[in-house]
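Residue numbers (our numbering): 5 to 405.
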């Protein structure tokens with residue numbers, strides 16, 4: 005099983021990078037558009053103020069309503085300096101200053117230098133608006149950006165920092181979960197391997213001891229040899245199963261009934277070892293064929309039936325039913341038990357590597373089963389029905405072509 009970072013990990017990194025670029029660009033574009041609209045609005049206010057000054061300067065302005073320019077001035081919430089272009093030097097031509105705060109302790113000379121510096125700074129932000137009368141420049145209006153615009157200009161930077169921070173946290177969390185999942189899989193695979201190999205190896209050790217005791221009785225030696233052969237076949241099957249995980253799997257049209265019956269017979273021979281009475285039976289269509297890999301599909305059935313037996317832990321008598329349903333394009337296999345059931349909130353978690361409700365469970369059986377059915381057989385496996393103390397029904401869907 006290949007556990008190193010593969011295409012999925014690379015795709016996630018690319019997705020996070022593209023997401024960061026999209027967030028940064030969209031934030032910058034939206035903010036720039038908003039800033040430009042606000043700057044245009046402020047320019048219109050300054051232009052309106054300049055027009056009102058031009059109108060006041062006109063000889064026909066005796067009947068003008070002077071409250072209108074005052075109302076315009078009230079709307080100005082950004083830095084503004086009005087200078088008289090007919091007076092030199094410019095520092096002595098300041099007519100009005102708005103939205104500036106000066107230190108009251110400054111002397112006249114330092115105050116003038118500060119005003120001069122302010123005018124130079126404002127001229128770098130925007131071209132001054134001219135107040136004209138009969139082709140002559142009467143005044144120049146220097147203005148800057150409001151506090152709102154200044155904050156909006158820094159907003160994309162803050163947004164991008166936040167987005168980058170969020171993506172870094174998301175990536176670290178994703179990497180941690182991925183590593184944790186991989187760790188669970190490795191531990192589970194090691195334990196599953198030990199579990200799978202443990203039974204036939206223990207059996208072989210037992211047969212070896214019997215051979216030592218009965219080495220002079222040919223009939224018993226022959227029986228022991230047959231049992232040892234069965235255990236060796238079991239070991240070979242286990243090795244084949246693990247070798248197929250992570251490699252390309254060949255699927256063939258096989259008789260599903262034969263596979264199911266073989267697995268059930270295997271468990272029936274072992275049922276006397278369980279401290280409960282369990283009935284395992286089949287029903288449904290006969291001679292059903294589907295595309296399967298026998299070794300891997302048997303593994304899935306063994307996991308489901310073993311889980312079903314474990315779910316009967318509090319019952320002295322239990323039943324397990326394997327139902328085979330033949331459909332036009334697919335085959336459905338239901339594994340139903342009358343055990344303790346699965347809570348609804350845990351239905352999605354049971355297929356997650358490392359998740360188990362058993363005291364000594366490793367949380368790998370159902371995870372491997374899902375991988376085998378979904379990735380190798382291109383089928384489906386899920387909990388069809390379950391409830392607390394109502395039993396559980398797993399449904400497997402296999403393809404015919």
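Where is the CB? At the ideal position from N, CA and C, for every residue including glycine.
The segment 316-336 makes contact with the segment 280-291: 3 or more CB pairs, one atom from each, lie closer than 8 angstroms.
Separation of residue 400 and residue 19 (C-alpha to C-alpha, rounded to the nearest whole angstrom) is 33 angstroms. In the displayed model, residue 167 falls within a helix according to three-state DSSP. Straight-line spacing of the CA atoms in residue 340 and residue 257 works out to 25 angstroms. Contact annotation: residue 292 and residue 335 have beta-carbon atoms nearer than 8 angstroms. In this structure residue 123 is buried. Its beta-carbon is surrounded by 16 or more other beta-carbon atoms within 10 angstroms.
Under the criterion of beta carbons closer than 8 angstroms, residue 81 and residue 103 qualify as touching, at roughly 7 angstroms.
The straight-line gap separating the alpha-carbon atoms of residue 171 and residue 159 is approximately 18 angstroms. Within the same chain, 307 come within 6 angstroms of residue 369 by CB-CB distance, once the 5 residues on both sides are set aside. According to the DSSP secondary-structure assignment, residue 56 is paired through a beta bridge with no residue. Annotation: residue 131 to residue 145 spans about 9 angstroms, alpha carbon to alpha carbon. Note that the C-beta distance between residue 136 and residue 46 is not below 8 angstroms. In this structure residue 396 is in contact with residue 346, their Cβ atoms being roughly 6 angstroms apart against a cut-off of 8 angstroms. Residue 306: member of the alpha helix (DSSP H) spanning 298-314, first to last residue. Per DSSP, the unbroken beta strand (DSSP E) holding residue 327 starts and ends at 321-330. Between residue 309 and residue 271, the gap from beta carbon to beta carbon is short of 8 angstroms. When DSSP assignments are scanned along the segment 224-285, the uninterrupted stretches of alpha helix (DSSP H) that are 4 or more residues long and fall wholly within it turn out to be 260-274. A distance of 8 angstroms or more separates the beta carbons of residue 43 and residue 133.
Where residue 129 is concerned, the enclosing alpha helix (DSSP H) starts and stops at 112-129. Secondary-structure assignment with DSSP links residue 388 through no beta bridge to anything. In this structure, the straight-line span from the alpha carbon of residue 127 to that of residue 35 is close to 23 angstroms.
C-alpha of residue 217 to C-alpha of residue 230: approximately 17 angstroms in a straight line.
The Cβ atoms of residue 225 and residue 215 sit closer than 8 angstroms to each other. Residue range 369-375 is occupied by the alpha helix (DSSP H) that includes residue 375. With 16 or more other CB atoms across the displayed protein chains lying within 10 angstroms of its CB, residue 301 is buried. Annotated as proximal: residue 31 and residue 163, with beta-carbon spacing under 8 angstroms. Looking at the DSSP output, residue 156 sits in no beta bridge, so it has no partner there.
Exposed is the label assigned to residue 37, since fewer than 16 other Cβ atoms lie within 10 Å of its Cβ. Residue pairing for residue 38: DSSP places it in no beta bridge. Within the same chain, 118 come within 8 angstroms of residue 110 by CB-CB distance, once the 5 residues on both sides are set aside. For residue 321, the closest alpha carbon among the candidates 284, 205, 208, 352 is that of 284.
Per DSSP, residue 335 is one residue of the beta strand (DSSP E) stretching across 334-341.
Across the set 100, 168, 115, 161, the C-alpha of 100 shows the shortest separation from the C-alpha of residue 147. Here residue 375 is buried, its C-beta having at least 16 other C-beta atoms within 10 Å. The alpha-carbon of residue 156 is positioned some 19 angstroms away from that of residue 125.
From the listed residues 337, 386, 253, the smallest Cα separation to residue 353 is found for 386.
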